[in-house]
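Residue numbers (this note's numbering): 37 to 1106. Notes to accompany the following structure.
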């Protein structure tokens, strides 16, 4: 008969071990246990004999020394040795404790030491008649009236458990003091189980040859080194009342290392006790959960105590009921499996109510199946339940096909859940094959698992390549290339095995967008990084220091886009986080805090107080400890008498300080003016390829998140676009975001093609609906506000090259991640930071906002706004007419003729509005001699004046211009009108333009189809076609098929000939 079998994991085990899970675990996981070997020459019998001879041989002093050292090691270290006579003759304490500061005692590795102002006394006796001795010693110690809370009676005799309990109750009743007896059994346990063997050899003056001989294993050597390093960190940590998760994590790791070193049980228990105590004081709820879980695991596999494990299981169940996450479900289900094993192997001393526990898990399963928030937890529990069912069916030789099919579906679904370890469950299912014979369904599952596993490994390898290249691009400031690579790897990293990589990739993608000054795309990714880090805290317990780094980046980002209220929210959370984790307040934190103060101060000093909310700014800066910013606000508001001496001495004494502030402002330290969000309205803005997009809204943080997501959606799409891909034709777009209580969430076009209204039904809006709305907005942007040859072909190209669809998909959960990332109540507008005790500084002279000058990497392109292309396409410009006084007494009027006046009217209303605001940049150009066969034909061009565009101060840093124009061929047989128009313009130096509808080649006589006013135009030019060359702004009107008039003698030098030849080569004959 075989003596071994293979278990479901393929490991050979002895048949006798099958019913002993403790031995089985050690064989399966030997690396979790000590690999050192210890040899004890002194037998327990020899130790007992030596202890029995202490009184006879008058060795009370040796016993006292032994006791003191053991008590110091195992019970409490703060001992004062008694200096009186030995031998137990004085009736007072032999040892007593002294008070100790809690900052010290909090770091002791003792399960229940004497701490604070407690006082304990120890009476030591090696008399064989121990009862009269304890009676006498306890009475005399109590009569000292020195306030001892606990008395220990230490004897070398054996005392029964009943005697111990009876005496404890007796003295508690008589003296209100706890009396604990440490007898021979305690000393034996201390020597052979709790690491006091060498203490006994030395204290009892036994032969040195009996000393413990230890052969340290390589694993233990590494563990010991790590433990020493952790202990050094623990001792150097200053523990306050605040949260300190890294400190708690060190305590737990130290306890686990002691367990793996298989140090004395008392030491391990003391380590875990300290970890749990400190986790409750300075850790997160998840850390408390983790410590209790490790205590349960230790109790079962190291101490072989199923009852203690079950007690810890009940504690963890209460915590899970308070808040559910996948990590808790996983750990608690692990213990449930141990409970099942313990019942099967009859390991419980007191067997629990298994039926009750089964009901609990079924109830949890049912509730999670209906819970849309905890779908990962449900799927994990479903997989575990199906695995348990599978093995139960295998043991009972029942049909397993339905269970296999369900497991296959669940395992495949788990790939999309980052909290579920696919590899673990795939391994269990794969290795279950040791018990499964020829089964087509199972064979298919193995193939599926292998395929998924292969794909995952391939994707991870591919992600690592993209990540490494993205880092190189980022270091080289090739931000567009970087975001392509990070955008690809962030999708590939969304697996349980690569959660850490996902955090890094998300942050790197954010920095890539930040490098392009696409700040809301960057914000979405920084918030995603933050939510991933907080999720890590939720599942693992400890706070990662990277959280502080990300919060600083978010603060910088908000200042760069001028969002003061958002900055205060992130800054407040940063201060809360560091206040809770004093260890985070290192030199880097202090330096970055000073940097933020300086940035905000610079922005304030380069701004003008243009609204009443400025009066709140000095006090708000003071509340947040931003001293330089407070002084900057006081100076800007003209409260110079309240400036600090430091501000006056360190800044204002420099005669060039104002110039330096101006230069810093121009450098792009902030892209947009300061925005003071209010209860009535908030506005955010971005700049994309020269197009200024503003979104205004009123509402809570959820509406703000939607607004930011819409801007990020447009930024993300445009991030890798080049000028050859598409041209944005609208310089400014406005999004009006409103909340409604009924109907679907949708985007509507506004009165003008650069205006959109987005109406959100917060009650019914799903993630998909919000994403669809953003996609609809993008579609409008592409068709109404930009130009490209083929939108579909462009999107397919960008999807293939840049994974643009995946990068857009990342934005879908932003509003949820934004909410989850905020540990405090979000304050949606500035007034919510105010309280009545703060001082206001009323604006003395409210200035109008200074002219906005585009800054940053997205400001290198200028977009002229003369044409609203959708309107022009609908209006259908069809020619020109003239209105002139033939006596030459009035300026001429050029009438633009349109087939649909209602759209023409909108064009002219916009032009008139710009004219009154002194922003209209319109130039008329008449080109004659455009056709040799028709000498009277000419073309009329309407376009912006490029010289005027390039000379504007706000455009002097731009590198390119998107300027569009419209032209029309006038097939005239008589050039009298055009010549007279030219003469009148020469006389008056301006002409007027207006609009009228034309139908059947006749101008309408309906006054409702005529524009009622005339707009003056001062910039009119007259050109001959043959003079127009390749780089001429008017070259747009020359077509490859044109046959212009070339004056005699100019045939070899007419610039237009080369222009026409170039266009023929590029476009063919149009």
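In this text, a Cβ means the ideal position worked out from N, Cα and C, and glycines have one as well.
Self-check item: Start-end ranges of the beta strand (DSSP E) lying completely within the segment 898-948, minimum 3 residues
Solution: Scanning the segment 898-948 for uninterrupted beta strand (DSSP E) segments of 3 residues or longer gives 913-919 and 929-934, listed from N- to C-terminal end.
Specify whether the segment 1046-1053 and the segment 1073-1088 touch according to this definition: at least 3 beta carbon pairs, one from each stretch, less than 8 Å apart. Output reads no: the segment 1073-1088 does not touch the segment 1046-1053.
Of the residues 577, 676 and 866, the one placed nearest residue 648, counting alpha carbons only
Considering only alpha carbons, the answer is 866.
On the three-pair Cβ rule with 8 Å, is the segment 958-974 touching the segment 1009-1018?
By the C-beta criterion, the segment 958-974 is judged to be in contact with the segment 1009-1018, since at least 3 inter-stretch pairs fall below 8 Å.
Self-check item: Other residues of its chain near residue 75: CB distance less than 6 Å, five sequence neighbours each side excluded
Solution: Cβ-Cβ distances below 6 Å link residue 75 to 249 in the same chain, with the five nearest sequence neighbours on each side left out; the list follows chain order.
**Q.** Residue from 820, 333, 282 and 292 with nearest C-alpha to residue 260
**A.** Minimum Cα-Cα distance from residue 260 among the listed residues 820, 333, 282 and 292 corresponds to 292.
Start and end of the beta strand (DSSP E) containing residue 718? 718-724 is the extent of the beta strand (DSSP E) around residue 718.
For this session: Out of 762, 307 and 878, point me to the one whose CA is closest to residue 331's CA.
Result: Nearest to residue 331 by C-alpha distance, out of 762, 307 and 878, is 307.
Discussion item. So, for residue 589: in the same chain, excluding its five sequence neighbours on each side, which residues have a beta-carbon less than 6 Å away from its beta-carbon?
Written reply: So the qualifying residues of the chain are 562.
Discussion item. So for residue 298, helix, strand or coil by DSSP?
Written reply: Of the three classes helix, strand and coil, the one that applies to residue 298 here is coil, per DSSP.
Return the residue from the list 441, 716, 552 and 242 that minimises the CA-CA distance to residue 748. Minimum Cα distance to residue 748 is reached at 552.
**Asked** Cβ atoms of residue 579 and residue 857: under 9 Å apart, would you say?
**Response** Cβ atoms of residue 857 and residue 579: not closer than 9 Å.
Next on the checklist: Three Cβ pairs or more, each shorter than 8 Å: is that satisfied between the segment 818-825 and the segment 529-546?
Outcome noted: Fewer than three beta-carbon pairs drawn from the segment 818-825 and the segment 529-546 are found closer than 8 Å, and the two stretches are therefore not classed as touching.
- request: Pick out whichever of 489, 355 and 1054 has its Cα sitting closest to the Cα of residue 984.
  value: Among 489, 355 and 1054, the Cα nearest to that of residue 984 is on 1054.
| task | Taking residue 1028 as part of the beta strand (DSSP E), name the residues at either end of that continuous run. | result | Where residue 1028 is concerned, the enclosing beta strand (DSSP E) stretches over 1027-1035.
**Study point:** Test item: CB-CB of residue 917 and residue 745 under 9 Å
**Key:** No; because the gap between Cβ atoms is not below 9 Å, this pair is not in contact.
Where residue 71 and residue 377 are concerned, what is the direct C-alpha to C-alpha distance, given to the nearest angstrom?
When rounded, the distance between both Cα atoms is 27 Å.
task: Could you have a look at residue 349 and say whether DSSP puts it in helix, strand or coil?
output: Residue 349 falls in the helix class under three-state DSSP.
- Beta-bridge partners of residue 964, as assigned by DSSP: As DSSP reads the structure, residue 964 sits in a beta bridge with 974 and 1060.
- Identify the continuous beta strand (DSSP E) that holds residue 188 and give its terminal residues. It spans 186-191 - the beta strand (DSSP E) in which residue 188 sits, taken as one unbroken run.
* **Identity of the residues DSSP links to residue 1006 by a beta bridge** => The secondary-structure analysis by DSSP pairs residue 1006 across a beta bridge with 974.
Span separating the alpha-carbon of residue 236 from that of residue 221: The alpha-carbon separation between residue 236 and residue 221 amounts to approximately 14 Å.
Inset, instruction - Could you work out which residue in 737, 637 and 921 is closest to residue 1187 when comparing CA atoms only? - result: Nothing in the structure corresponds to residue 1187, since the chain is present only between 37 and 1106.
| task | Figure out for me which residue from 178, 370 and 340 has the closest Cα to the Cα of residue 352. | result | For residue 352, the nearest C-alpha among the options comes from 370.
Output the distance between the C-alpha atoms of residue 1101 and residue 1031, rounded to the nearest integer angstrom.
Take the alpha-carbon of residue 1101 and the one of residue 1031: they are about 37 Å apart.
* To do: Within 10 angstroms of the Cβ of residue 94, are there 16 or more other Cβ atoms? Answer buried if so, exposed if not.
  => With a threshold of 16 other beta carbon atoms within 10 Å, residue 94 falls short and is exposed.
Review point. Which partner residues of residue 133 appear in the DSSP bridge assignment?
Key: DSSP output for residue 133 lists 115 as bridge partner(s).
Using the three-state DSSP reduction, which class does residue 647 fall into: helix, strand or coil?
DSSP places residue 647 outside both helix and strand once states are collapsed to three, so it counts as coil.
inquiry  = Buried or exposed for residue 130, going by 16 or more other Cβ atoms inside 10 Å?
reply    = Classification of residue 130: buried, given that the 10 Å Cβ count is 16 or more.
N- and C-terminal bounds of the alpha helix (DSSP H) containing residue 103 = That run of the alpha helix (DSSP H) goes 96-110.
| field | Pair within 9 Å by beta-carbon distance, residue 240 and residue 102 | value | Yes; because the gap between Cβ atoms is below 9 Å, this pair is in contact.
Check: Going by the CB atoms, is the gap between residue 1093 and residue 1071 shorter than 9 Å?
Finding: It is not a contact, given that the beta carbons lie outside the stated cut-off.
Quiz item: Taking C-alpha atoms, which residue in 66, 675 and 79 lies nearest to residue 228?
Solution: Considering only alpha carbons, the answer is 79.
Straight-line Cα distance separating residue 150 from residue 173
Cα to Cα, residue 173 sits roughly 20 Å from residue 150.
Margin query: Just to confirm the assignment: which complete alpha helix (DSSP H) runs, minimum length 4, are found wholly within the segment 289-336?
Written below: Runs found: 301-318.
Mind checking which residues open and close the alpha helix (DSSP H) that includes residue 169? Looking at the DSSP string, the run of the alpha helix (DSSP H) that includes residue 169 is 166-179.
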